[in-house]
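For reference, the structure discussed in these notes is given below.
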Amino acid sequence: MFTDLEWLIKLQLLDYEIYQLTADQRKANNNVKKLSDEVEEISLRKIKQGRELKRTIEEKAKLLDDIQEQKRILEQKRVDLQNDKKTKKEHIRREIKKMEQAVEVFTQRVDTISQDISRLEQEIHDKEDRVTGLKTDLQDEDKSIVKVVKKTKKQLTELEKKRALLEVNIRKPFLNHYNRIMHIRNGVAITYVNEKGLCQGCQVHIPLQFQQKIKLMEDYNICEGCGRILVLKEAMEGIVE
Ligand SMILES: [Zn+2]
40 MFTDLEWLIK LQLLDYEIYQ LTADQRKANN NVKKLSDEVE EISLRKIKQG RELKRTIEEK
100 AKLLDDIQEQ KRILEQKRVD LQNDKKTKKE HIRREIKKME QAVEVFTQRV DTISQDISRL
160 EQEIHDKEDR VTGLKTDLQD EDKSIVKVVK KTKKQLTELE KKRALLEVNI RKPFLNHYNR
220 IMHIRNGVAI TYVNEKGLCQ GCQVHIPLQF QQKIKLMEDY NICEGCGRIL VLKEAMEGIV
280 E
């Protein structure tokens, strides 16, 4: 048998043990990543809404100023109406009516904006609560990682020692390829051709001629579908798919 392959199969057996031992830790790490991403996303949305809130509050303030100003002019017009001569009265009345309508429209607008402000404030508040909750979850997850690491540390150190001893027997290009595939393929870098003539890893069909070549185990054969190393099933005994 191709010597590097022989060592790689031993490495795979060991790595599968390591992979199972570190499963909880990986799961916790994934949760941490997911929770952190969510915190980040909510925080960004909160900042955006904060800016919207600021704009809306400014708009409301401006509208209230405008209403004040309109009311002031309106008062003046009412005084004019009392003091003016008969000829102009009708004109002033019309102006007053127009301004009263404008004040009403502005006031309605202020009402709408006030509702927007309340809504935004509530939404920002909800986001703050959510972030607080997520941060608690994150702390719990961190604690669970510490626990898991502590529990598996001894066993893992042993396995890693063995792994280091195995690794030195494998030529770098093969080892690098193996390690890369192992990381992207859930801990399984070596697999076999199943009874249906498919790669057990990715279910891609393996041509007959290639299957014959794999059986010889004299070369480094790679599945075109998943990049895993293909070997005889018998050589893989003990490795779970
Ligand atoms: Zn494959």
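To convert, take the position in the sequence shown, counting from 1, and add 39; that gives my numbering. Using N, Cα and C, we set each Cβ at its ideal position, and we do this for glycine too.
query, result
"Mind checking whether I209 and D43 have CB atoms under 7 Å apart?", "yes"
"Note down the Cα distance separating T151 from Q161, rounded to an integer number of angstroms.", "15 Å"
"Going by the C-beta, is G240 closer than 6 Å to any heavy atom of ligand 1?", "yes"
"Return yes when at least one heavy atom of ligand 1 lies under 6 Å from the C-beta of R202, else no.", "no"
"Looking at C-beta atoms only, is the number of pairs between the region 71 to 78 and the region 241 to 249 that lie closer than 8 Å three or more?", "no"
"Taking the beta strand (DSSP E) that V270 falls in, what are its first and last residues?", "I268 to V270"
"Answer with buried or exposed for E273, where buried requires no fewer than 16 other C-beta atoms within 10 angstroms of its C-beta.", "exposed"
"Where does the unbroken beta strand (DSSP E) through T9 begin, and where does it stop?", "Absent from the model: residue 9. The displayed extent of the chain is 40 to 280, so no value can be given."
"Relative to the C-alpha of G89, which candidate in H164, I48 and C262 has its C-alpha closest?", "H164"
"Any beta-carbon of chain C closer than 7 Å to the one on G89?", "Although the question refers to chain C, the structure presented lacks it and comprises just one protein chain."
"How long is the line joining the alpha carbons of L271 and D63, rounded to whole angstroms?", "31 Å"
"According to the neighbour-count rule (16 or more other Cβ atoms, all chains shown, within 10 Å of its Cβ), is T196 buried or exposed?", "exposed"
"Could you check if Q51 is buried or exposed, using at least 16 other CB atoms within 10 Å of its CB as the buried criterion?", "buried"
"So, under 8 Å CB-CB, T191 and L60 are touching, yes? Tell me the CB distance rounded to an integer number of Å.", "5 Å"
"With DSSP as the reference, identify every bridge partner of H244, one or two as the case may be.", "L237"
"Can you name, in chain order, every residue of its own chain whose Cβ lies under 8 Å from the Cβ of R148, other than the five neighbours on each side?", "L102"
"Given this structure, state the Cα-to-Cα distance separating K252 from W46, to the nearest angstrom.", "19 Å"
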